[in-house]
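Here is the structure we will look at, set down as structure tokens.
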Amino acid sequence: MRLAPQIDGERLLRRLDAFARIGATPAGGVNRQAFSVEDRGARRLLAELALDRGFTVFQDGIANLFIRREGADAALPPLLIGSHLDSQPTGGRFDGALGTLSAFEVLEALEDARAETHMPIEVVAWANEEGSRFAPGVMGSMAFTGADTAAWKSIVGSDGASLAKELDATIAALPEAALRPIGVPISGYIELHIEQGPSLEKEQLPIGVVTAVQGTRWLEVSIEGTAGHAGTTGLAYRRDPMVAAIAAIHRLQTTIMPLDSSARLTVGRIAAQPGSINAIPQSVTFTVDLRHPRPERLDAIEAEARQACTAEAEAQGCMATIKRSFDMPGAAFSADMIKIVEDAVRSLGLSHKQMISGAFHDALFIARVAPAAMIFVPCRDGLSHNEAEYVEPADAITGTRVLLQAAIAAASSLGLRR
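Numbering (our numbering), first residue to last: 67 to 484.
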């Protein structure tokens, strides 16, 4: 009698340690930016592990990496599970890597038990999720879901490197991985990821079941005033854009955001021109990052933010110009896939809560072409994009156990619905 597939927690932890050594930083994090030598090293190690187990390895023209384990019906589009391997310049060892390596552990557990799934299951390591070296991020999943990639060929990275050349070199560095078209049909997608926030740890919950990714918009606000001498221009004669900007930012944080617990407004960049210590600025420009899971509320919050910035500028005798520089709609995950994940959590006797992701993930884009879901596990102090990022071994193993049960269920039920 065959035993049910079981996660080998020690093997998973060894894999995490091995990949953390690729691009390791002195402070305990990783610097494994997309299409770098370090990124290629991680891709090669994953491919070698897969080939050693007899799995098939593919890559596509944007360097998404796929590892396939066949199912009973090889004609069915595969279930994808995975995440990414690239990192921030001072990134953590779990962001992306945990999701990719937990997915590979699922394949290994199935293979250990010689378990048959109805449809094929493929691990995916999406290319350039972070976007720290080559913007935009989530490049691999965007291309997979139909983004026009023609303009990307001219992109130059933060280090002056050519994206086109580095992408070609990354693909060429893994000749064992057969090339296949970008954007093949899939049956569904499940991604395990660290929360990148503090709520699961604070609530002492081992699992978050993600129901949606919130939408994001960026505004660039420019307030034009009148430059003047800091020592000779009295208050009554000032048209000071810095005062207007400070008042507007204060209003965003203390009046608009508190009215909606799901709203997020962040001013991440501010600059004054000419930027002299002894001159009233001529202009001040700042950015506003707006986030909300519901598109109609995002519209309303943007309108409120615009009105606040305009009013505070006018109160100082200045003029505000506001441009939307980025708009990324959110996505709700499949109710069927959410149920599959929640059933997996309950089958293991675990507690959980439903969550909305405040950060971008590849699942945001995959949800537009196939049923998708995400599983969150806690990270210490909510830290991510930080060399101190840490996930307790027990939490990493628990999340992988949930992923295994969810993948087995999805690989059966999704195929039977076709």
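Backbone N, C-alpha and C fix where the C-beta goes; we use that ideal spot for every residue, glycine too.
| query | Out of Ile-221, Pro-437, Leu-301, which has the shortest C-alpha to C-alpha gap to Pro-251? | reply | Working through the sequence shown from its first residue, we reach residue 251 at position 185. Out of Ile-221, Pro-437, Leu-301, Pro-437 has the C-alpha closest to the C-alpha of Pro-251.
| field | Length of the line joining the Cα atoms of Phe-132 and Glu-188 | value | Here residue 132 corresponds to residue number 66 of the sequence shown, with the count starting at 1. Here residue 188 corresponds to residue number 122 of the sequence shown, with the count starting at 1. Between Phe-132 and Glu-188, the C-alpha separation is close to 6 Å.
| query | Measuring CA to CA, which of Ala-84, Gly-157, Ser-149 is closest to Ala-93? | reply | Here residue 93 corresponds to residue number 27 of the sequence shown, with the count starting at 1. Nearest C-alpha to Ala-93: Gly-157.
| request: Could you tell me whether the stretch 413 to 422 touches the stretch 254 to 271, using the rule of 3 or more Cβ pairs below 8 Å? | output: yes
| Coil, strand or helix - Thr-353 by DSSP | The count along the sequence shown starts at 1 and reaches residue 353 at position 287. Of the three classes helix, strand and coil, the one that applies to Thr-353 here is strand, per DSSP.
| task | Kindly indicate which three-state DSSP category Thr-236 falls into: helix, strand or coil? | result | As a working mapping, residue 236 is identified with position 170 in the sequence shown. Helix.
| field | Delimiting residues of the beta strand (DSSP E) encompassing Thr-332 | value | Taking the first residue of the sequence shown as 1, we reach residue 332 at position 266. According to the DSSP assignment, Thr-332 belongs to the beta strand (DSSP E) that extends over 330 to 332.
| request: Pick out the complete beta strand (DSSP E) segments inside the stretch 71 to 131, 3 residues or longer, and give them in chain order. | output: 122 to 125
| query | Residue range of the alpha helix (DSSP H) that Lys-219 falls in? | reply | Your numbering for residue 219 matches position 153 in the sequence shown. No alpha helix (DSSP H) contains Lys-219, which DSSP labels as neither H nor E.
| said: Distance check for Asn-344 and Thr-486, CA to CA, integer angstroms please. | reply: Look at the range of the chain in this structure, 67 to 484, and you will see that residue 486 is not part of it.
| said: In the DSSP output, what is Lys-389 paired with across the bridge? | reply: Reading the sequence shown from its first residue, position 323 is the one you call residue 389. Paired residues: Glu-286.
| field | Three-state secondary structure assigned by DSSP to Gly-157 | value | On the sequence shown, position 91 is the one that residue 157 refers to. In the structure shown, Gly-157 sits in a strand (DSSP, three-state: E or B).
| message | Quick check: what's the CA-CA separation for Arg-484 versus Arg-135? | response | On the sequence shown, residue 484 is found 418 positions in, with the first residue counted as 1. On the sequence shown, residue 135 is found 69 positions in, with the first residue counted as 1. With a pLDDT of 42 at Arg-484, under the threshold of 50, the predicted position of this residue should be treated as unreliable, and no value is reported.
| What residue ranges within the stretch 165 to 204 form continuous beta strand (DSSP E) runs of no fewer than 3 residues, ordered along the chain? | 187 to 192
| request: Report the rounded CA-to-CA distance for Ile-322 versus Ala-371, giving the unit in angstroms. | output: What you label residue 322 is simply residue 256 of the sequence shown in a count that begins at 1. What you label residue 371 is simply residue 305 of the sequence shown in a count that begins at 1. If I take the Cα positions, the gap works out to 8 Å.
| request: List the DSSP bridge partners of Met-421. | output: Along the sequence shown, one-based indexing puts residue 421 at 355. In DSSP, Met-421 forms a bridge with Val-276.
| request: Can you grab the Cα-Cα spacing for the pair Ser-349 / Gly-223, in whole Å? | output: As a first step, residue 349 is located in the sequence shown; it is residue number 283 there, counting from the start. As a first step, residue 223 is located in the sequence shown; it is residue number 157 there, counting from the start. Those two C-alpha atoms are separated by around 30 Å.
| said: With H, G and I counted as helix, E and B as strand and the rest as coil, what does DSSP make of Leu-485? | reply: The structure shown has nothing for residue 485, since the chain only spans 67 to 484.
| message | Quick check on the burial criterion: 16 or more other C-beta atoms within 10 angstroms. Buried or exposed for Asp-393? | response | Position 327 of the sequence shown holds residue 393. It counts as exposed.
| query | Residues in its own chain within less than 6 Å of Ala-476 by CB, not counting five upstream and five downstream? | reply | Counted from its first residue, the sequence shown places residue 476 at position 410. Leu-145, Gly-254, Ile-406, listed in sequence order.
| said: Please state whether the Cβ-Cβ distance between Pro-444 and Val-435 is less than 9 Å. | reply: Translated into the one-based positions of the sequence shown, residue 444 becomes position 378. Translated into the one-based positions of the sequence shown, residue 435 becomes position 369. No.
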